[in-house]
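Reminder that position 18 of the sequence shown reads as 17 in numbering that gives the first Met the number 0, one-by-one numbering, no gaps.
Think of the CB as a built atom: it goes at the ideal place given N, C-alpha and C, for glycine as much as any other residue.
Notes follow once the structure below has been shown.
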Amino acid sequence: MDLFSWQLGLPATFLCLVFGYLLGSIPFGLILTRMAGLGDVRKIGSGNIGATNVLRTGNKKLAAATLLLDALKGTAAAAIASFWGVEAGIVAGLAAFLGHLFPVWLSFKGGKGVATYIGVLLGLAPLMVPAFAAIWLATAKITRYSSLSALVATAVIPIALYATGYGKVALLFALMTVITWIKHRANIRRLLSGTESRIGEKG
Numbered sequence: 000m001d002l003f004s005w006q007l008g009l010p011a012t013f014l015c016l017v018f019g020y021l022l023g024s025i026p027f028g029l030i031l032t033r034m035a036g037l038g039d040v041r042k043i044g045s046g047n048i049g050a051t052n053v054l055r056t057g058n059k060k061l062a063a064a065t066l067l068l069d070a071l072k073g074t075a076a077a078a079i080a081s082f083w084g085v086e087a088g089i090v091a092g093l094a095a096f097l098g099h100l101f102p103v104w105l106s107f108k109g110g111k112g113v114a115t116y117i118g119v120l121l122g123l124a125p126l127m128v129p130a131f132a133a134i135w136l137a138t139a140k141i142t143r144y145s146s147l148s149a150l151v152a153t154a155v156i157p158i159a160l161y162a163t164g165y166g167k168v169a170l171l172f173a174l175m176t177v178i179t180w181i182k183h184r185a186n187i188r189r190l191l192s193g194t195e196s197r198i199g200e201k202g
């Protein structure tokens with residue numbers, strides 16, 4: 000397989016980009032917290048719109064709903080576009096991921112992308128989702144760092160995809176992994192300095 004060959008035409012690529020971005024840019028964390036009367040989630044904790052920051056409202060069900068919806072928007076984008084081929088799914092999945100990170104509606108300030116990363120993985124290579132979960136859980140059990148668990152899992156997934164024959168999908172996730180690590184740079188600095196909060200700790 001030529002990993003760098005591209006058969007999807009420019010108009011179809013553009014449509015997949017727009018479709019995926021619009022789905023991915025739906026700020027479920029912000030919408031759900033406002034609907035629940037909890038105000039603007041961007042004004043608490045890290046200021047992030049993702050499930051981890053929603054959890055800081057004290058509402059576990061709302062955080063779980065945010066996690067699920069942020070994942071499913073990536074799944075929907077990748078899976079629906081994949082009816083027109085894997086390249087369409089790749090484009091829409093990447094666009095959904097970027098839409099979550101940089102939503103135009105929120106001045107391009109979105110979440111860190113782990114839930115949507117998993118959602119896109121479910122849409123394009125569903126058998127890899129249990130592998131991601133297993134790596135995350137094992138790392139979390141050993142280190143009790145949520146951020147490190149996500150970083151390790153995202154680092155392994157592109158390699159696992161390539162080794163199992165998902166060539167172009169592996170390239171997509173390699174790119175998404177790099178972006179995820181960049182978005183987690185503050186967490187990485189805290190991990191290196193020993194100041195990152197562990198799972199179950201306050202703050």
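Sequence-distant residues of its chain with Cβ nearer than 7 Å to residue i (five each side left out)
i: residue 64; result: 31
i: residue 202; result: Any reading at residue 202 must be qualified, since the residue scores a pLDDT of 47, below 50, and its modelled position is unreliable; the value itself is stated next. The residues are 196.
i: residue 173; result: 157
i: residue 127; result: 120, 156, 159, 160
i: residue 189; result: 195
Residue closest to residue i, alpha-carbon to alpha-carbon, out of the options
i: residue 68; options: 38, 28, 98, 97; result: 28
i: residue 75; options: 115, 49, 10, 185; result: 115
i: residue 95; options: 143, 151, 41, 171; result: 171
i: residue 104; options: 153, 47, 25; result: 25
i: residue 102; options: 54, 169, 47; result: 47
i: residue 92; options: 21, 107, 38; result: 21
i: residue 183; options: 10, 66, 15, 45; result: 45
Cβ neighbour criterion (16 or more within 10 Å) applied to residue i
i: residue 3; result: exposed
i: residue 136; result: exposed
i: residue 160; result: buried
i: residue 131; result: buried
i: residue 192; result: exposed
i: residue 179; result: buried
i: residue 122; result: buried
i: residue 177; result: exposed
i: residue 141; result: exposed
Residue i, enclosing alpha helix (DSSP H) - first and last residue
i: residue 99; result: 85–100
i: residue 113; result: 113–123
i: residue 139; result: 128–142
i: residue 194; result: Here residue 194 belongs to no alpha helix (DSSP H), and DSSP marks it neither H nor E.
i: residue 238; result: The structure shown does not extend to residue 238, since the chain is modelled only from 0 through 202, so no value can be given for it.
i: residue 8; result: Counting along the chain, residue 8 falls outside any alpha helix (DSSP H), and DSSP gives it neither H nor E.
Cβ distance (whole Å) where residue i is taken to contact residue j below 8 Å
i: residue 118; j: residue 73; result: 3 Å
i: residue 62; j: residue 50; result: 5 Å
i: residue 80; j: residue 18; result: 7 Å
i: residue 98; j: residue 23; result: 3 Å
i: residue 145; j: residue 181; result: About 18 Å separates the two Cβ atoms, so there is no contact after all.
i: residue 124; j: residue 53; result: No, residue 124 and residue 53 are not in contact; Cβ-Cβ is about 27 Å, not under 8 Å.
Contacting residues, own chain, Cβ-Cβ under 6 Å from residue i (five flanking each side not counted)
i: residue 100; result: 109, 112
i: residue 12; result: 90
Own chain residues within Cβ distance below 8 Å of residue i, not counting five before or after
i: residue 6; result: 84, 86
i: residue 38; result: 32
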